[in-house]
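*Asks:* Residue numbers (the working numbering): 2 to 295.
Just so it is clear, CB atoms sit at the ideal spot from N, CA and C, and this is done for glycine as well.
This is the structure, below, for whatever I ask next.
Printed below as a string of structure tokens:
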């Protein structure tokens, strides 16, 4: 029997996203697996692994908001923006009150402009920026518009050279680089800074508290497998049965009024696929189920 769905994984430190996916693939015995958004080896936390036909639905999580818990270390900036980079600037004898920090953080909420780090996976003229960076080049990174939905300080009360690490919770749009955010917050305070630690806590509606460890999955992965329908929770839904269901599974158009754009097609609680609705016509886009599977 084929396995289809999403497994929320609590990725450990030091493992790339692809290495984590390969391990989950081996545990589940699945032939096809992917993920809904890269998490750097230096980061831990939520990696949503897609199994089987769920790989065709990854895009619906890629566009969703992400949550992070970040540790920002003040007093040193690095060329990569994280703790593994080469130190390029330092500061001593600094102090910022919680009120000063809060006033600066308020400027980073809402729609902001941000430059991705030079050592990032962003493609520039067909090449990854980090490839150019490792070649000793200094690629000009494009400014992007991102959304910071919420940004709050967890600790401490103030920041100084004796207590240089601040922990924040961030909820942001896709495409936001927390390394850039850490560097930009430092620059706004007039103090070099870098990202010292990162945990992804949320992908759309999926929370880190729902995530399994590798030990959990090796015991029994089935309780951790989320139905493919979690990918379309926010999408308009249409129930089909009988002839309409058969037509959809065959890739044929259906007539249905009151819909526009992408819609999820269900038969009972079973997600059959995705369709595009326009002018009262529904065209199948992704058919995830074969008739003999029902």
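(1) Does the distance from the CB of residue 289 to the CB of residue 8 come in under 9 Å?
(2) On the criterion of 16 or more Cβ atoms from any shown chain inside 10 Å, does residue 115 qualify as buried, or is it exposed?
(3) Taking three-plus beta-carbon pairs below 8 Å as touching, is the region 35-50 in contact with the region 7-25?
(4) Taking 6 Å as the limit between beta carbons, can you name the residues of its chain near residue 158, skipping five residues before and five after?
(5) Are there 16 or more other CB atoms within 10 angstroms of the CB of residue 83, so buried, or fewer, so exposed?
(6) What is the residue span of the alpha helix (DSSP H) that residue 150 lies within?
(7) Return the CA-CA distance between residue 236 and residue 265, expressed in angstroms with no decimal places.
(8) In terms of alpha-carbon separation, which member of 169, 213, 245, 261 lies closest to residue 254?
(9) Which runs of the alpha helix (DSSP H) spanning at least 4 residues fall entirely within the region 173-257, listed in chain order?
(10) Suppose you measure from the CA of residue 85 to the CA of residue 231; what does that come to, to the nearest Å?
(11) Compute the distance between the beta-carbons of residue 273 and residue 250, then report whether it is under 9 Å.
(12) Quick check on residue 284: buried or exposed, where buried means 16 or more other Cβ atoms within 10 Å of its Cβ?
(13) Have a look at residue 184 and residue 263 and give me their C-alpha separation to the nearest angstrom.
(14) Given residue 162, which residues of its chain have a CB within under 7 Å of its CB, disregarding the five upstream and five downstream residues?
(15) If we require 3 or more residues per run, which beta strand (DSSP E) segments fall completely within the region 4-59?
(16) Please report the straight-line C-alpha distance between residue 4 and residue 223, rounded to a whole angstrom.
(17) Excluding the 5 residues preceding and the 5 following residue 201 in the sequence, name in chain order all residues of the same chain whose CB lies nearer than 6 Å to its CB.
(18) Are the beta-carbon atoms of residue 136 and residue 112 separated by less than 9 Å?
(19) Within the continuous beta strand (DSSP E) that includes residue 105, where are the two ends?
(20) Along the chain, where does the beta strand (DSSP E) that runs through residue 287 open and close?
(21) With distances taken between CB atoms, is the gap from residue 173 to residue 67 smaller than 9 Å?
(22) Name the DSSP beta bridge partners of residue 96, please?
(23) Which same chain residues, not among the five before or five after residue 110, have their C-beta less than 6 Å away from its C-beta?
(24) On the DSSP bridge list, what partners appear for residue 139?
(25) Less than 9 Å between the beta carbons of residue 167 and residue 154, yes or no?
(26) Using the DSSP secondary-structure output, state which residues sit across from residue 61 in a beta bridge.
(27) Ignore the nearest five residues each way along the sequence and tell me which others in residue 44's own chain have a CB closer than 6 Å to its CB.
(28) Which residue comes first and which comes last in the beta strand (DSSP E) that contains residue 268?
(29) Please name the residue, chosen from 10, 14, 6, that lies closest to residue 197 on a Cα-to-Cα basis.
(30) Check residue 72 in the structure and name its three-state DSSP category.
*Replies:* Taking the definition as stated:
(1) no
(2) buried
(3) yes
(4) 99
(5) buried
(6) Here residue 150 belongs to no alpha helix (DSSP H); instead the beta strand (DSSP E) covers 145-156.
(7) 6 Å
(8) 245
(9) 179-190, 215-220, 243-250
(10) 36 Å
(11) yes
(12) exposed
(13) 38 Å
(14) 76, 93, 94, 95
(15) 6-12, 34-36, 44-52
(16) 9 Å
(17) 40, 46, 47, 69
(18) no
(19) First-last for residue 105: 99-107, but that is the alpha helix (DSSP H), not the beta strand (DSSP E).
(20) 282-288
(21) yes
(22) 161
(23) 149, 152
(24) DSSP lists no partner for residue 139.
(25) yes
(26) Partner(s): none; residue 61 has no beta bridge.
(27) 199
(28) 262-268
(29) 14
(30) strand
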